[in-house]
Amino acid sequence: MVMVPEADPDLTPPPLRDQLAWPFNTDAAVLGDRLERGAQTVVMLVDLTGLDWPAIAPLVPLITSMATEKDMVPVLVVDSADMVEVRRTGLPYDTLPDSAANAGLLDHASGQDWPAYIARCRQLLAAKWQPGAIVHLGAHADW
170 MVMVPEADPD LTPPPLRDQL AWPFNTDAAV LGDRLERGAQ TVVMLVDLTG LDWPAIAPLV
230 PLITSMATEK DMVPVLVVDS ADMVEVRRTG LPYDTLPDSA ANAGLLDHAS GQDWPAYIAR
290 CRQLLAAKWQ PGAIVHLGAH ADW
């Protein structure tokens, strides 16, 4: 039997730590033991838009256990301007503009409106993180 080098798993180099860690740095605590296990980082976007911190706080343990069970890294997506408590969770996060506060913004001259803008922001956020899953726990599920 002739082995083609590309088909021989013993000759395939393991992924580099930077590749496994993407989109995080290799020293990011949120990665846990993924790099040691040689596991690729898979992101779980957790949509918390429309919620304020008192509504988000009790969800954090559920989010972390759900992500751990799926072997994913949770990334919180919020639309609140108050980021202090979100940052204290130690979890990665990203933001969207506050939909409720800006719902009435329309630009009739250009033909664009606020919902279209938010939809585009959500598309860009998904392209940025390339999630393996998107979980909706917030008030909006428009992904």
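The sequence shown begins at 170 in our numbering and counts up one residue at a time.
The beta-carbon is built from N, C-alpha and C at its ideal position, and this holds for glycine as well.
Assigned exposure category for residue i - 16 Cβ within 10 Å defines buried
i	result
A190	buried
R257	exposed
G207	exposed
D216	buried
A236	buried
V244	buried
Straight-line Cα distance separating residue j from residue i
i	j	result
P266	T181	44 Å
L214	D263	9 Å
N271	I232	27 Å
A188	W222	In the sequence as displayed, the identity of residue 188 is Gln instead of Ala. Taking the straight line joining both Cα atoms gives about 33 Å.
P184	Q209	9 Å
E205	L306	31 Å
Y298	A269	This sequence places Trp at residue 298; Tyr is not what is there. Cα to Cα, the separation comes out at about 24 Å.
Heavy atom of the ligand NAP within 8 Å of residue i beta-carbon
i	result
D282	As for the ligand NAP, it is missing from this structure, which has no ligand bound.
Rounded Cβ spacing between residue i and residue j (contact assumed at less than 8 Å)
i	j	result
V199	V255	Not a contact, Cβ separation roughly 14 Å.
Chain D within 9 Å of residue i, Cβ atoms only
i	result
A226	No chain D appears in the structure shown, which is made up of a single protein chain.
Does the segment 225-236 come within contact of the segment 283-295, defined as at least 3 CB pairs closer than 8 Å?
Between the segment 225-236 and the segment 283-295 there are fewer than three C-beta pairs closer than 8 Å, too few to call the two in contact.
Please specify which runs of the alpha helix (DSSP H), each continuous and at least 4 residues long, are wholly inside the segment 186-255, giving them in chain order.
If you keep only unbroken alpha helix (DSSP H) runs of at least 4 residues inside the segment 186-255, you get 186-190, 203-206, 222-225, 229-238.
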